[in-house]
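Engineer: Residues in the sequence shown are numbered consecutively from 1, following UniProt numbering.
Input: one structure, supplied below.
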Amino acid sequence: MKIAVVKELAAGEPRVAATAETVKKFVALGASVAVESGAGLNASIADADYAAAGATVGARAETLAGAGIVLGIQGPDPASLGGVAPGALVVASLSPFTERARIDAYAAAGLEALAMEFMPRITRAQSMDILSSQSNLAGYKAAILAASEYGRVFPMMMTAAGTVSAAKCFVMGVGVAGLQAIATARRMGAQVSATDVRSATKEQIQSLGAKPIFVENVKGIEGEGSGGYATEMSEEYQKAQAELVSGHIAKQDIVITTALIPGRAAPRLISDAQIATMRTGSVIVDLAAESGGNVEGAVAGETVVIHGVKVIGAKNMAGTMAADASALFSRNLFNFLSAFWDKEKNAPVLDEEIGDAIRLTQGGKIVNARLLG
């Protein structure tokens, strides 16, 4: 089986879907690996590193020629995949809900598209979960970015000239990114609080030394929503949450929002009116800006000033740490493919539980229930 690793063509995407480490592991499985020249440069991986690991390095056409598996970060344009084997697997983050035309094109081209972001959140698939690995980095970077944009220090400082109070940081949404943002802000010395609609996250917040901020008189979600994500709440809960947040957010120096609902626009958590209650020089980092934004007025990829508050619309935060992000993403891909590798067929043979969850196209058709429903 030939595995092709292509250079990302999407603007602003510096990551790469395989590292020298995972290339070596794929070769050890019995696969041959071809890497497009320059694919890893933005992630600090030279062509020579891939060659030393056992890959052949060349132009895109020769990389793809006869490939049975194509690895990518973002879903490659089907038109750019000429020469692959019939029915080749395309394994990447495919954005099925927002890039439906591309998914249809994969089906029309006879490709079998596997969306890694649809990986079920079950125990045996944890090491394959690209969303968790990349969200960890995004949460870390959100806190670092907030600190760099904030015009004051994070920790409390006692000096001969007087005491500087610790920054107050509020994290909204306590998934993987939120937990890492809490941990990072705490390590930098901020006074951290956090909230989520899932009551089960209270203990997680407290375990990191942060203060949970929850609506107590209206029930939220008792535990996890589908796939480990939160779901939309009742109007009653949303109203109570908005009132609680409004009182709390006015006292905060830093706010980091991380709330996402798969397949839907990100929920609005912070309004223009709430931003206006924050003091001048405060910072908001919206990690959901690319999905519509948790913050009114946030613009993906830009920093805007609203009522004297810097609102940072995060875009591909994991990609800003391309070397580490690529290392984690590529390990997710290797863990996935190697778990199903059939040595006799020299190819992966997926089981129903995971295969049905992530397979979008097969035999020229859309086959995923989430896209057909």
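All C-beta atoms, glycine included, are put in the ideal place defined by N, C-alpha and C.
Should S263 be labelled buried (16 or more other beta-carbon atoms within 10 Å of its own) or exposed?
Structural biologist: Looking at the sequence itself, residue 263 is Gly, so the reference to Ser does not match. Classification for G263: exposed.
Engineer: Which class does R60 belong to by DSSP, given the choice of helix, strand or coil?
Structural biologist: Looking at R60 - three-state DSSP - the assignment turns out to be helix.
Engineer: Between residue 379 and Q191, what straight-line distance do the alpha-carbon atoms span, to the nearest angstrom?
Structural biologist: The requested residue 379 does not occur in the structure, where the chain is confined to residues 1 to 373.
Engineer: Answer with buried or exposed for G178, where buried requires no fewer than 16 other C-beta atoms within 10 angstroms of its C-beta.
Structural biologist: So G178 counts as buried.
Engineer: Is it true that the CB of T184 sits closer than 8 angstroms to the CB of Y140?
Structural biologist: The answer is yes: Cβ separation under 8 angstroms.
Engineer: To the nearest angstrom, report how far apart R198 and I205 are at their CA atoms.
Structural biologist: If I take the Cα positions, the gap works out to 11 angstroms.
Engineer: Apply the 10 Å Cβ neighbour rule to R100 and answer buried if 16 or more other Cβ atoms are within range, or exposed otherwise.
Structural biologist: Burial call: exposed.
Engineer: Which complete beta strand (DSSP E) runs does the segment 140-164 hold, if anything under 3 residues is left out?
Structural biologist: Complete beta strand (DSSP E) runs here, min 3: 157-159, 162-164.
Engineer: Mind checking L360: buried by the 16 CB within 10 Å criterion, or exposed?
Structural biologist: Per the 10 Å Cβ criterion, buried.
Engineer: Going by the beta-carbon positions, is the gap between P155 and G189 smaller than 8 angstroms?
Structural biologist: Yes, these two residues count as a Cβ contact at 8 angstroms.
Engineer: Out of curiosity, what's the CA-to-CA distance linking A357 and T257?
Structural biologist: In a straight line, the C-alpha of A357 is about 28 angstroms away from that of T257.
Engineer: Go through the segment 262-297 residue by residue and report every complete run of the alpha helix (DSSP H) that reaches 4 residues or more, in order.
Structural biologist: The qualifying runs are 272-276.
Engineer: Give the straight-line distance between the Cα atoms of L94 and A369, rounded to the nearest whole angstrom.
Structural biologist: For L94 and A369, the distance between alpha carbons rounds to 16 angstroms.
Engineer: So, for F334: in the same chain, excluding its five sequence neighbours on each side, which residues have a beta-carbon less than 7 angstroms away from its beta-carbon?
Structural biologist: So the list reads T22, K25, F26, once near-sequence residues are dropped.
Engineer: Which first and last residues belong to the beta strand (DSSP E) in which T257 is found?
Structural biologist: 254-257 is the span of the beta strand (DSSP E), which, as asked, contains T257.
Engineer: State the CB to CB distance for the pair A20 and D47, rounded to an integer number of angstroms; the pair is presumed to be in contact (CB under 8 angstroms).
Structural biologist: Between D47 and A20 the Cβ distance is about 10 angstroms, and since that is not below 8 angstroms, they are no contact.
Engineer: Which residue from T123, A108, L131 puts its Cα closest to that of M115?
Structural biologist: The sequence as given places Ala at residue 115; Met does not occur at that position. For A115, the nearest C-alpha among the options comes from L131.
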